[in-house]
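To start, the structure itself, in structure tokens.
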Amino acid sequence: MNELKQVKFNNELILTTEQLADFYGTTSRRITDNFNANRTKFVEGTHYFHLEGDQLKAFKNQTRKTGLVNEHAGAINLWTKRGASRHSKMLGTNQAWDMFDQLEENYFNPKSHLNTSGLSPELQFMQGVVDKLAASERTQHRLENKIDGVSEIVATSTMDWRNETSHLISKIARQQGNTGESYKMTRNDIYDEVDRRGGVSLKTRLTNLRRRMAEEGTSKTQRKNTTKVDVIAHDKKLIEIYTAIVKEYAIRYQVWNEEY
1 MNELKQVKFN NELILTTEQL ADFYGTTSRR ITDNFNANRT KFVEGTHYFH LEGDQLKAFK
61 NQTRKTGLVN EHAGAINLWT KRGASRHSKM LGTNQAWDMF DQLEENYFNP KSHLNTSGLS
121 PELQFMQGVV DKLAASERTQ HRLENKIDGV SEIVATSTMD WRNETSHLIS KIARQQGNTG
181 ESYKMTRNDI YDEVDRRGGV SLKTRLTNLR RRMAEEGTSK TQRKNTTKVD VIAHDKKLIE
241 IYTAIVKEYA IRYQVWNEEY
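In terms of UniProt numbering, the sequence shown is residues 1 to 260.
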């Protein structure tokens, strides 16, 4: 990535919402919406700083020549390294994960480049080995973070998690033969895993849900169209479990891409 001028607030390196959106290939609105939907996962002073009033005025003066902040902004959030990491996991895209790796290495923890040209061939060789080991460790760390991030992130709205998981399941089923049977088998495998991890029976809950709908006068067609996903939608814990399982399957079958 191109060299990025370091900017600090309270002696911490920070990035603006607009910078995160640009780096992660998304919009400022998406960053803000993810934050608003998951406020409990962000701690002010640890993941971000909220600036308004005199604090914002002082920061605008500090960064005026950089054009970092819109001069008409009445309040802004500045994101620390931990905040930037959390947003990359919430977005869950390859671009966001890859870019955070680059930000971590080149912005938040820049390392001075050692000139090894004057070293003996033996020392240059050893330095090369160390560099390769470090690169391998960073790659492994990235993969571990990617898997951890899958189970941590819950979609930002009901419509989001429904659409996202349905799309992923369709892509997995296409890899498994692209038939109605492969789609049904994929869904059933995922539902079985939800039952196991959640300690529930989606089948029983679906029966009970349809019974309640009948008692409330819901049409037979609507009851018939009610599925286990509707059961999951009534339980926040099951939404988390279901979303994590679908994404794990997507990574396993290599259909996880930049869309997610």
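Where is the CB? At the ideal position from N, CA and C, for every residue including glycine.
Verify the CB distance criterion: does residue i have a CB-CB separation below 8 Å to chain C?
| i | result |
| --- | --- |
| Phe108 | Absent from the structure is chain C; it holds one protein chain and no more. |
Thinking C-alpha only, which one of the options is nearest residue i?
| i | options | result |
| --- | --- | --- |
| Glu12 | Leu91, Glu193, Lys60, Asn109 | Asn109 |
| Arg252 | Ala173, Lys57, Glu71, Val231 | Ala173 |
| Asp54 | Ser182, Ile241, Ala75, Arg187 | Ala75 |
| Ile190 | Ile241, Gly45, Arg30 | Ile241 |
| residue 271 | Asp101, Gly217, Asn94 | Missing from the structure shown is residue 271; the chain here goes from 1 to 260 and no further. |
| Ala73 | Arg82, Arg86, Leu56 | Leu56 |
| Asn34 | Arg86, Phe59, Ala58 | Arg86 |
| Ile31 | Gly45, Asn70, Ala96 | Ala96 |
| Asp235 | Ala58, Asn36, Leu51, Asp195 | Asp195 |
Quickly, what does DSSP pair residue i with across the bridge? List them, please.
| i | result |
| --- | --- |
| Leu15 | Trp79 |
| Glu52 | Ala75 |
| Phe9 | Glu12 |
Look at residue i and residue j and say whether their C-beta atoms are less than 8 Å apart.
| i | j | result |
| --- | --- | --- |
| Thr78 | Phe49 | Position check: residue 78 holds Leu in this sequence, whereas Thr was assumed. Contact flag set, yes. |
| Leu15 | Ala84 | yes |
| Arg210 | Thr227 | no |
| Tyr107 | Gln176 | no |
| Phe23 | Met99 | yes |
| Thr80 | His47 | yes |
| Met213 | Arg205 | no |
| Thr243 | Trp161 | yes |
Using only the heavy atoms of the ligand NAD, determine whether one of them is closer than 7 Å to the beta carbon of residue i.
| i | result |
| --- | --- |
| Gln19 | In the structure on display, the ligand NAD does not appear, and there are no ligands present to speak of. |
Since residue i is in the alpha helix (DSSP H), which residue starts that stretch and which ends it?
| i | result |
| --- | --- |
| Lys41 | No alpha helix (DSSP H) contains Lys41, which DSSP labels as neither H nor E. |
| His167 | 158-175 |
| Asp235 | Segment: none, Asp235 is in no alpha helix (DSSP H) and carries neither H nor E. |
| Gly180 | 180-198 |
| Phe108 | No alpha helix (DSSP H) holds Phe108; DSSP gives it neither H nor E. |
| residue 267 | As shown, the chain starts at 1 and ends at 260. That puts residue 267 outside it, with no answer to give. |
| Glu104 | Looking at the DSSP string, Glu104 is not in any alpha helix (DSSP H), and its letter there is neither H nor E. |
| Glu215 | 202-215 |
| Lys65 | From DSSP, Lys65 is part of no alpha helix (DSSP H); its letter is neither H nor E. |
| Thr221 | 220-225 |
At least three beta-carbon pairs within less than 8 Å, the region 234-250 to the region 159-173: yes
Stretch-stretch touch, CB-based, cutoff 8 Å, three pairs: the region 38-46 with the region 14-23: no
Inter-stretch contact (C-beta, 8 Å, three-pair minimum) for the region 53-66 and the region 80-90: no
Meets three-Cβ-pair contact criterion under 8 Å: the region 194-205 and the region 224-240: yes
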